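Engineer: I'd like to ask some things about the structure below.
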Amino acid sequence: MKIVIAGAGEVGTHLAKLLSNEEQDITVVDSDGEKLAVLDSNYNLLTCQGSPTSFATLRQAGVEGCDLFIAVTPFETRNIIACAIAKSLGASKTVARIDNYEFKDPANKDFFTHIGADDMIYPEYLAALEIIQALRHNWVRHWFELHDGELILVGVKLRENAPLQGMQLKELGMTEHSFHVAAIKRNHETIIPGGLDRLQVNDIVYFMTTRDHVDSLVALCGKTQRKIRDILIMGGSRIAIRLCAMVGDEFNIKIVDIDRERCLRLSEKCPNASIINADARDTDALLDAGITDMDAFIALADSSETNILTCLSAKELGVVKTIAEVENLQFISEAEGLNIGTVINKKLLASSRIFQMLLDRDTSTSKCMALADAEVAEIVASEGSKITRAAVKDLKLSHEMTIAGLIRDGKGYLVSGNTVIEPGDRVVVFTLSGLLHKVEKLFK
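To convert, take the position in the sequence shown, counting from 1, and add 120; that gives the working numbering.
What follows is the structure, encoded as structure tokens:
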């Protein structure tokens, strides 16, 4: 598949890295030659220096024959214009990163489709959705639903009191249970587990299960599901504004921000929230804001380090659920290893959403989630493919992948060693980053 990415900023660079690992035909367009040189020398892709809104540059980048054009520069108007030009030159599908939620309003979709922008990515909206899931399912680190919840993937940190801790997976296989251990995050490394692997305290374990049985995991992981009502947010960012608009009166929200002018704007944009002008990095300011009475604390400041440290402070002050926006990818593993709850990263969320869009262009694969060093994909099994020739236990599959579940005739099922995958099944695969293209060969 030929994909052209306009913008070599953080989102564009991260996308380019991930897609090039999957052996896609990638071209990155940007006016900054230094950024392109770094990509050119380290990854399997092409670069094209020039303006993303130049007809000549986009022709040079091969937009005329591309399957997907993604505009992710920091400027939404430039992204939309780039999509319009790419579409006029023959790009099959275009996607623009935007900063204005109004552009995603379904009432305006026909307008943008008409001018050549087929779809919109609003990272702050995706982050707000992720936060809402984390608040509603506050015992998990990650929650992802497939096919309207027919299958659910959750990432949970095991506590010392978890009945599962210390158990070997082959022992687990001898018991009656309604989940599949797809992966383990331990000491900053993602492990695709085998029967000899043992679950340990502080592991982040990724379980595949069904909606009817997901609640059984709460006690098994040593967790408690709590009702969250009162929330304190540090930072009046676009994520905070979007979150307030989306939750309505489901939660009682206080927003603390150090910028007085921003607080005045927040009082207009977030009428359902209490706005406090203070520095949330100061423990006394947190206490004055009522942190000890809060059910959750969300850190959305511009600094990843500040968000991580303030969540640790909130934990020490007794807040059970904390959520930190961590935009530095190199900090994610460290943050997940600390006791700060859920980590939000807009780049990973935007990447996951764009991977899902690839299903429209290639019906064999749909990535449904991108973690820092692992990927979850939904792959359709083709007639005559190797994956359909025997029971899973007899296929001699690579230790770098695991099959967690499948969708058959619209219904979700967990996969065991005795499962025989049938042509047309939509199979959920967990694999380490960069190896998905090898896994796909089993399904074709």
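Cβ atoms here follow ideal geometry from the backbone N, Cα and C, with glycine treated the same way. Owing to the predicted nature of the structure, the values given are computational and were not obtained by experimental measurement.
#1: Given H519, which residues of its chain have a CB within under 8 Å of its CB, disregarding the five upstream and five downstream residues?
#2: Can you look up L292 in the DSSP assignment and give me helix, strand or coil?
#3: With a threshold of 16 other CB atoms inside 10 Å of the CB of G293, please say whether the residue is buried or exposed.
#4: When DSSP labels each residue in this structure, what does E370 get in the three-state scheme?
#5: List the whole-angstrom C-beta distance separating R346 from D415, where the pair is believed to meet the contact cut-off of C-beta under 8 Å.
#6: On the premise that A409 lies in contact with E352, defined as a C-beta separation below 8 Å, what is that separation, rounded to the nearest angstrom?
#7: Taking the beta carbon of D545 as the centre, do at least 16 other beta carbons fall within 10 Å, making it buried, or is it exposed?
#8: Exposed or buried, F175, counting other C-beta atoms within 10 Å across all chains shown (16 or more means buried)?
#9: What are the residues that DSSP puts in a beta bridge with S394?
#10: Are the CB atoms of L266 and L469 nearer to each other than 8 Å?
#11: When you compare only the Cα positions, how much space is there between V512 and V301?
#12: Would you call Q144 buried or exposed, if buried means 16 or more other Cβ atoms sit within 10 Å of its Cβ?
#13: So, using beta-carbon positions, are N131 and R217 closer together than 8 Å?
#14: If you check the beta carbons only, do V535 and L526 fall under 8 Å apart?
#15: Which residue spans inside the region 393-424 form an unbroken beta strand (DSSP E) run of at least 3?
#16: Taking only beta-carbon atoms, is R380 less than 8 Å away from chain C?
#17: Please confirm whether A434 and I411 have their CB atoms less than 8 Å apart.
#18: Check whether the Cβ atoms of L249 and K213 lie closer than 8 Å to each other.
#19: For the alpha helix (DSSP H) containing K229, list its first residue and its last residue.
#20: Could you spell out where the beta strand (DSSP E) holding F451 opens and where it closes?
#21: Which same chain residues end up closer than 6 Å to W263 when comparing Cβ atoms and leaving out the 5 residues on each side of it in sequence?
#22: H300 lies in the beta strand (DSSP E); which residues open and close that run?
#23: Bridge partners for K122 per DSSP, in chain order?
#24: Count the other C-beta atoms from every protein chain shown that fall within 10 angstroms of the C-beta of D369, then say buried if there are 16 or more, exposed otherwise.
#25: Assuming M508 is part of the beta strand (DSSP E), what are its boundary residues?
#26: So, with DSSP's three-state summary, where would you put D379?
#27: Report the start-end ranges of each beta strand (DSSP E) in the region 187-275 that is 3 residues or longer and not cut off at the edges.
#28: Using DSSP bridges, identify the partner residues of Y533.
#29: In three-state terms, what does DSSP make of I361?
#30: What did DSSP end up calling Q285 once you bin it into helix, strand or coil?
#31: Using the three-state DSSP reduction, which class does S484 fall into: helix, strand or coil?
#32: Which residues in the same chain as F550 place their Cβ atom closer than 6 Å to its Cβ, once the five residues preceding and following it in sequence are excluded?
#33: Out of V547, K207 and G129, which has the shortest C-alpha to C-alpha gap to K155?
#34: Whole angstroms are fine: how far does the CA of N307 sit from the CA of K229?
#35: Evaluate contact between the region 440-458 and the region 372-387, counting only Cβ atoms and requiring at least three cross-stretch pairs below 8 Å.
#36: Expressed to the nearest angstrom, what Euclidean distance is found between the alpha-carbon atoms of E222 and M477?
Structural biologist: By the coordinates alone:
#1: Reading the sequence shown from its first residue, position 399 is the one you call residue 519. Hits under 8 Å: I312 and G314.
#2: Residue 292 sits at position 172 when you count from the first residue of the sequence shown. Of the three classes helix, strand and coil, the one that applies to L292 here is helix, per DSSP.
#3: Along the sequence shown, read from residue 1 onward, the residue named residue 293 stands at position 173. That one is exposed.
#4: Counted from its first residue, the sequence shown places residue 370 at position 250. Reduced to three states, the DSSP call for E370 is coil.
#5: Taking the sequence shown and counting its residues from 1, one reaches residue 346 at position 226. Taking the sequence shown and counting its residues from 1, one reaches residue 415 at position 295. 7 Å between Cβ atoms; contact.
#6: Position 232 of the sequence shown, counted from the start, is the residue given in the question as residue 352. Position 289 of the sequence shown, counted from the start, is the residue given in the question as residue 409. Glu is not the amino acid found at residue 352; the sequence shown has Leu there. Yes, L352 and A409 are in contact; Cβ-Cβ is about 6 Å, under 8 Å.
#7: In the sequence shown, residue 545 corresponds to position 425, counting from 1. With 16 or more Cβ atoms within 10 Å of its Cβ, D545 is classed as buried.
#8: Taking the first residue of the sequence shown as 1, we reach residue 175 at position 55. F175 comes out exposed.
#9: Sequence index remark: in the sequence shown, residue 394 carries index 274 (1-based). S394 pairs with K374.
#10: The residue given as residue 266 occupies position 146 in the sequence shown. The residue given as residue 469 occupies position 349 in the sequence shown. Cβ atoms of L266 and L469: not closer than 8 Å.
#11: Position 392 of the sequence shown holds residue 512. Position 181 of the sequence shown holds residue 301. Those two C-alpha atoms are separated by around 15 Å.
#12: Counting from 1 along the sequence shown, the entry for residue 144 is found at position 24. Buried, since its Cβ has 16 or more Cβ neighbours within 10 Å.
#13: The count along the sequence shown starts at 1 and reaches residue 131 at position 11. The count along the sequence shown starts at 1 and reaches residue 217 at position 97. It should be pointed out that residue 131 corresponds to Val in this sequence rather than to Asn. Their beta carbons are under 8 Å apart, which means V131 touches R217 by this criterion.
#14: What you label residue 535 is simply residue 415 of the sequence shown in a count that begins at 1. What you label residue 526 is simply residue 406 of the sequence shown in a count that begins at 1. The answer is yes: Cβ separation under 8 Å.
#15: 393-397 and 416-419
#16: Annotation note: the requested chain C is absent from the structure, which comprises a single protein chain.
#17: Taking the first residue of the sequence shown as position 1, residue 434 is located at position 314. Taking the first residue of the sequence shown as position 1, residue 411 is located at position 291. Contact flag set, yes.
#18: What you label residue 249 is simply residue 129 of the sequence shown in a count that begins at 1. What you label residue 213 is simply residue 93 of the sequence shown in a count that begins at 1. For L249 and K213, no; Cβs fall outside 8 Å.
#19: The residue labelled residue 229 in the question sits at position 109 within the sequence shown. First-last of the alpha helix (DSSP H) with K229: K229 to I235.
#20: Translated into positions along the sequence shown, residue 451 becomes position 331. Where F451 is concerned, there is no enclosing beta strand (DSSP E), although the alpha helix (DSSP H) it sits in stretches over L449 to G457.
#21: Walking along the sequence shown from the start, residue 263 turns up at place 143. Excluding positions up to five away in sequence, the list reads Q253, H257 and V274.
#22: Within the sequence shown, residue 300 is the residue found at index 180, counting from 1. Looking at the DSSP string, the run of the beta strand (DSSP E) that includes H300 is F299 to R306.
#23: Within the sequence shown, the letter at position 2 stands for residue 122. Its beta-bridge partners are D145.
#24: Counting from 1 along the sequence shown, the entry for residue 369 is found at position 249. By the 10 Å Cβ count, D369 comes out exposed.
#25: The count along the sequence shown starts at 1 and reaches residue 508 at position 388. According to the sequence as given, residue 508 is Thr; it is not Met. Careful: T508 lies outside any beta strand (DSSP E) and carries neither H nor E.
#26: For this step, residue 379 is matched to residue 259 along the sequence shown. D379: coil per DSSP, three-state reduction.
#27: Counting only runs of 3 or more, we get 188-191, 213-217, 239-241 and 262-266.
#28: Walking along the sequence shown from the start, residue 533 turns up at place 413. L526, per the DSSP bridge assignment.
#29: The sequence position of residue 361 within the sequence shown is 241, counting from 1. Here I361 sits in helix by DSSP.
#30: The residue you call residue 285 lines up with position 165 of the sequence shown. In this structure, Q285 counts as coil in the three-state DSSP scheme.
#31: As a working mapping, residue 484 is identified with position 364 in the sequence shown. In this prediction, S484 has a pLDDT of 43, which is less than 50 and means its spatial position is unreliable; what the coordinates show is noted afterwards. Of the three classes helix, strand and coil, the one that applies to S484 here is coil, per DSSP.
#32: The residue you call residue 550 lines up with position 430 of the sequence shown. So the list reads A302, A303, V496, T522 and A524, once near-sequence residues are dropped.
#33: As a working mapping, residue 155 is identified with position 35 in the sequence shown. Looking at the Cα atoms, G129 is the closest of the given residues.
#34: As a working mapping, residue 229 is identified with position 109 in the sequence shown. As a working mapping, residue 307 is identified with position 187 in the sequence shown. The straight-line gap from Cα to Cα measures roughly 44 Å.
#35: no
#36: Residue 222 sits at position 102 when you count from the first residue of the sequence shown. Residue 477 sits at position 357 when you count from the first residue of the sequence shown. If you take the alpha carbons of E222 and M477, they lie about 21 Å apart.
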